[in-house]
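Residue numbers (UniProt numbering): 1 to 611.
Don't be surprised by glycine CBs; every beta carbon is placed ideally from N, CA and C.
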DNA sequence: AAGTCGACTTGCCTGGACAGGC
DNA sequence: GCCTGTCCAGGCAAGTCGACTT
């Protein structure tokens with residue numbers, strides 16, 4: 001799409017129709033023009049204006065709601081509501097909006113029942129969303145198609161609605177071909193053209209992608225509002241295919257500090273609301289059309305505030321180490337005979353959460369995909385075997401977890417755990433809750449009695465970080481090369497990812513490739529062993545490492561290492577290990593992680609131990 | 001006491017940049 | 001150079017958990 005093509009056509013607020021056809025004013029051109037004018041006048045050095053605009057603040061001042069200052073008049077209120085002020089100054093430019101819809105050329109047409117039809121812009125835009133997804137499996141899904149068709153017809157004009165009644169008679173192929181052509185053309189852009197677009201994007205990011213928090217310039221995570229499209233739920237989502245309509249400035253609540261420059265809404269528009277709530281981190285929010293849930297424009301993980309929270313998270317997890325022996329005793333050594341059903345269910349649930357790193361498992365609404373965690377496990381998700389594969393008391397889990405990722409594992413458990421599971425399943429239907437007396441709220445309340453701030457998710461962080469620490473500690477190859485060290489780190493990372501069941505769909509089938517590589521590695525090992533000269537041994541060894549690396553990468557296709565690296569492994573462990581073994585940090589952390597983990601890198605404690 | 005909601009954390013997927021093999 | 005595979009930032013969906021409501 002051509003960002004600079006659009007014209008600003010509307011400066012009159014009264015011409016704006018929030019939910020109707022979109023033909024006014026929110027364009028990237030606005031943004032670009034803003035940048036140009038700002039650069040010549042009121043911008044400070046890093047591109048963020050700190051000049052106050054009286055006009056802007058005046059026009060919307062009657063809408064201001066100041067939550068925290070209302071509370072500030074009474075300190076007790078703050079104590080009671082537990083609302084902490086997180087910042088004094090929060091100043092930003094407001095989010096920016098995706099380019100408005102560019103209608104298709106007249107020769108590109110939608111065909112219904114062999115008849116060419118020029119759709120109204122709104123209907124055409126939505127047809128385009130669908131056409132772009134024709135190569136995807138989604139468009140073969142019955143639910144997806146039904147949801148799409150219903151929502152599409154809802155925004156059609158009467159005439160269109162009367163005509164277009166059967167999705168089977170719809171032919172989007174011309175539209176699809178057109179979008180393919182556009183993306184072909186985009187690929188053919190010269191390096192110069194690409195550079196131009198890149199620098200334009202950079203300018204926009206420089207202006208809108210940063211904010212000021214208490215004097216620090218901080219990166220914003222998602223400063224561009226989500227584009228309209230069709231909802232792509234994960235797994236068997238009942239709402240897949242529903243229309244995500246364009247988010248308008250009038251739907252957006254801005255959060256900034258009182259007295260700071262109120263961000264400028266796009267020409268001809270107004271913000272829905274402006275608040276000054278310094279107990280919250282978010283800069284802007286709106287309500288998601290499909291989910292009905294609030295969405296937020298937030299600070300980037302590299303920001304000071306997010307880094308502080310991240311450190312706190314790992315400190316809490318680290319603290320669990322002091323308590324863990326005692327907690328484990330409670331579910332291994334104590335007889336459960338005199339416990340209530342609730343207590344026994346809680347004990348067994350905690351055992352799973354600690355041993356298998358299961359998630360808490362909140363109750364879910366039924367307008368979401370059917371997935372479970374520990375507390376929401378049902379009878380059908382757990383099979384019990386007195387003996388399986390020569391092991392006693394085996395529990396077989398088979399369920400869909402977060403993001404509908406399959407969780408399948410067979411584990412032997414302590415006899416008393418097994419005995420209780422048999423009882424929890426007794427006289428229940430498959431679809432009934434395994435832990436029918438337990439929910440996450442009461443589980444977490446109980447955990448708080450074991451350790452302050454302890455919740456179910458802390459166990460995942462704890463066990464992930466502990467696993468990494470122990471696996472890295474086991475590394476003692478004195479003459480290892482950097483490559484070998486990195487490989488060892490990845491191996492440790494993979495163990496953590498496996499524990500947390502972090503998976504990713506391989507883009508190409510990989511198992512055949514892995515098999516082939518394994519064979520080659522066997523042969524390479526043999527070559528190292530039989531090499532006669534020091535030179536040939538060395539080159540055989542290099543070859544072997546290369547193959548092992550490749551197998552590593554191949555296996556990595558099934559296990560996603562990134563999620564645990566980003567969210568579960570205390571970065572202080574990694575920093576310490578890299579320092580100790582002279583591994584440059586950028587070999588294990590991407591740019592994004594290097595900036596997210598600044599707090600740990602600055603500490604640079606070679607002797608840090610998670611435990 | 002249970003249900004709902006707000007705010008924040010976690011997690012998979014994707015498109016585009018880049019690298020390495022031919 | 002082109003083709004193919006790899007890596008990563010970014011996108012946004014989907015969790016967790018505490019607070020608020022009823």
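Cut-off 8 Å between Cβ atoms - residues of its own chain near residue 425, not counting five sequence neighbours on either side: On the first chain, position 425 is the one that residue 425 refers to. Cβ neighbours of residue 425 beyond the five flanking positions: 379, 382, 384 and 434.
Beta-carbon gap between residue 458 and residue 350 smaller than 7 Å: One-based indexing of the first chain puts residue 458 at position 458. One-based indexing of the first chain puts residue 350 at position 350. It is not a contact, given that the beta carbons lie outside the stated cut-off.
Length of the line joining the Cα atoms of residue 207 and residue 602: For the purposes of this step, residue 207 is identified with residue 207 of the first chain, where counting begins at 1. For the purposes of this step, residue 602 is identified with residue 602 of the first chain, where counting begins at 1. The straight-line gap from Cα to Cα measures roughly 28 Å.
Simplified DSSP assignment, three categories, for residue 388: Position 388 of the first chain, counted from the first residue, corresponds to residue 388. Here residue 388 carries a strand assignment [DSSP, helix/strand/coil].
From 150, 436 and 423, residue whose alpha carbon lies closest to that of residue 336: Working through the first chain from its first residue, we reach residue 336 at position 336. Among 150, 436 and 423, the Cα nearest to that of residue 336 belongs to 423.
Buried or exposed by the 16-neighbour rule on C-beta atoms within 10 Å, applied to residue 493: Position 493 of the first chain, counted from the start, is the residue given in the question as residue 493. Buried, by the Cβ-count rule.
Assigned secondary structure, residue 611 (DSSP; H/G/I helix, E/B strand, else coil): Residue 611 sits at position 611 when you count from the first residue of the first chain. In the structure shown, residue 611 sits in coil (DSSP, three-state: anything other than H, G, I, E or B).
The segment 385 to 393 / the segment 363 to 371 touching (three or more Cβ pairs under 8 Å): No, the segment 385 to 393 does not touch the segment 363 to 371.
Simplified DSSP assignment, three categories, for residue 229: For the purposes of this step, residue 229 is taken as the residue at position 229 of the first chain. The three-state reading of DSSP puts residue 229 in strand, counting E and B together.
Buried versus exposed call for residue 277 [16 or more other C-beta atoms within 10 Å across all chains shown]: Here the question's residue 277 lines up with position 277 in the first chain. So residue 277 ends up on the buried side.
As assigned by DSSP and simplified to three states, the class of residue 147: Stepping through the first chain from its first residue, residue 147 is reached at position 147. The answer is helix: DSSP assigns residue 147 an H, G or I state.
Buried or exposed by the 16-neighbour rule on C-beta atoms within 10 Å, applied to residue 587: Residue 587 sits at position 587 when you count from the first residue of the first chain. Result: exposed.
Proximity of residue 240 and residue 172 at Cβ, strictly below 7 Å: As a position in the first chain, residue 240 is number 240, starting the count at 1. As a position in the first chain, residue 172 is number 172, starting the count at 1. Going by C-beta atoms, residue 240 is not nearer than 7 Å to residue 172.
Whether residue 242 touches residue 141 by CB criterion (7 Å): On the first chain, residue 242 is found 242 positions in, with the first residue counted as 1. On the first chain, residue 141 is found 141 positions in, with the first residue counted as 1. Judged by their CB atoms, residue 242 and residue 141 are not nearer to each other than the 7 Å cut-off.
Rounded Cβ spacing between residue 463 and residue 455 (contact assumed at less than 8 Å): As a first step, residue 463 is located in the first chain; it is residue number 463 there, counting from the start. As a first step, residue 455 is located in the first chain; it is residue number 455 there, counting from the start. In fact, because the Cβ distance is near 14 Å, the residues do not count as touching under 8 Å.
Element boundaries [alpha helix (DSSP H), containing residue 319]: Here the question's residue 319 lines up with position 319 in the first chain. Start and end: 304 to 332.
Three or more C-beta pairs below 8 Å linking the segment 299 to 306 and the segment 199 to 218: The segment 299 to 306 is in contact with the segment 199 to 218.
DSSP three-state assignment for residue 91, whether helix, strand or coil: In the first chain, the residue the question calls residue 91 occupies position 91. Here residue 91 sits in strand by DSSP.
Alpha carbon of residue 210 to alpha carbon of residue 124, nearest angstrom: On the first chain, position 210 is the one that residue 210 refers to. On the first chain, position 124 is the one that residue 124 refers to. In this structure, the CA atom of residue 210 is about 35 Å from the CA atom of residue 124.
For residue 608 and residue 573, believed in contact at Cβ under 8 Å, the rounded distance: Residue 573 sits at position 573 when you count from the first residue of the first chain. Residue 608 sits at position 608 when you count from the first residue of the first chain. Rounded, the Cβ-Cβ distance is 7 Å, consistent with contact.
When 292, 495 and 414 are compared against residue 472, the one with the closest alpha-carbon: Numbered from 1 along the first chain, position 472 holds the residue referred to as residue 472. For residue 472, the nearest C-alpha among the options comes from 495.
Endpoints, the alpha helix (DSSP H) within which residue 282 is located: Within the first chain, residue 282 is the residue found at index 282, counting from 1. Taken as a continuous stretch (DSSP letters only), residue 282 belongs to no alpha helix (DSSP H), as it is neither H nor E.
Beta bridge counterpart(s) of residue 410 as assigned by DSSP: To locate residue 410, count along the first chain from 1; it is residue 410. Partner(s): 396.
Proximity of residue 280 and residue 297 at Cβ, strictly below 7 Å: Taking the first residue of the first chain as 1, we reach residue 280 at position 280. Taking the first residue of the first chain as 1, we reach residue 297 at position 297. In this structure, residue 280 sits away from residue 297, with a CB-CB distance that is not shorter than 7 Å.
Between the CA atoms of residue 476 and residue 287 - distance to the nearest angstrom: The residue given as residue 287 occupies position 287 in the first chain. The residue given as residue 476 occupies position 476 in the first chain. Near 53 Å, if we compare the C-alpha coordinates of residue 476 and residue 287.
Whole-angstrom C-beta distance between residue 323 and residue 451, which should lie under 8 Å: The sequence position of residue 451 within the first chain is 451, counting from 1. The sequence position of residue 323 within the first chain is 323, counting from 1. Going by Cβ atoms, the distance from residue 451 to residue 323 rounds to 5 Å, so yes, they are a contact pair.
Buried/exposed call for residue 151, threshold 16 Cβ in 10 Å: Numbered from 1 along the first chain, position 151 holds the residue referred to as residue 151. By the 10 Å Cβ count, residue 151 comes out buried.
Residue 503 versus residue 583 - alpha carbon distance: The residue given as residue 503 occupies position 503 in the first chain. The residue given as residue 583 occupies position 583 in the first chain. In this model, residue 503 and residue 583 are separated by some 27 Å (Cα to Cα).
Other residues of its chain near residue 307: CB distance less than 6 Å, five sequence neighbours each side excluded: On the first chain, position 307 is the one that residue 307 refers to. Cβ neighbours of residue 307 beyond the five flanking positions: 599.
Residue 184 beta carbon near the ligand FMN (any heavy atom closer than 6 Å): Absence of the ligand FMN is noted for the structure shown, with no ligands found whatsoever.
Neighbour-count burial assignment, residue 189, 16 or more Cβ in a 10 Å radius: As a working mapping, residue 189 is identified with position 189 in the first chain. Counting Cβ neighbours within 10 Å, residue 189 comes out exposed, since fewer than 16 surround it.
Three-way DSSP call (helix, strand, coil) for residue 100 in this model: Along the first chain, one-based indexing puts residue 100 at 100. In the three-state reduction of the DSSP assignment, residue 100 falls in the coil class, being assigned neither a helical nor a strand state.
Proximity below 7 Å, CB of residue 606 to CB of residue 579: Position 606 of the first chain holds residue 606. Position 579 of the first chain holds residue 579. Result yes, Cβ atoms of residue 606 and residue 579 sit closer than 7 Å.
Reference residue 418, options 201, 331, 154 and 360, closest by Cα: Along the first chain, one-based indexing puts residue 418 at 418. Checked all of 201, 331, 154 and 360; the closest Cα to residue 418 is 331.
Reduced DSSP category for residue 359 - H, G, I as helix; E, B as strand; rest coil: Within the first chain, residue 359 is the residue found at index 359, counting from 1. The three-state secondary structure of residue 359, taken from DSSP, is coil.
Selected residue, minimal CA-CA separation from residue 415, among 387, 203 and 222: For the purposes of this step, residue 415 is taken as residue 415 along the first chain, with counting starting at 1. The shortest C-alpha separation from residue 415 is found at 387.
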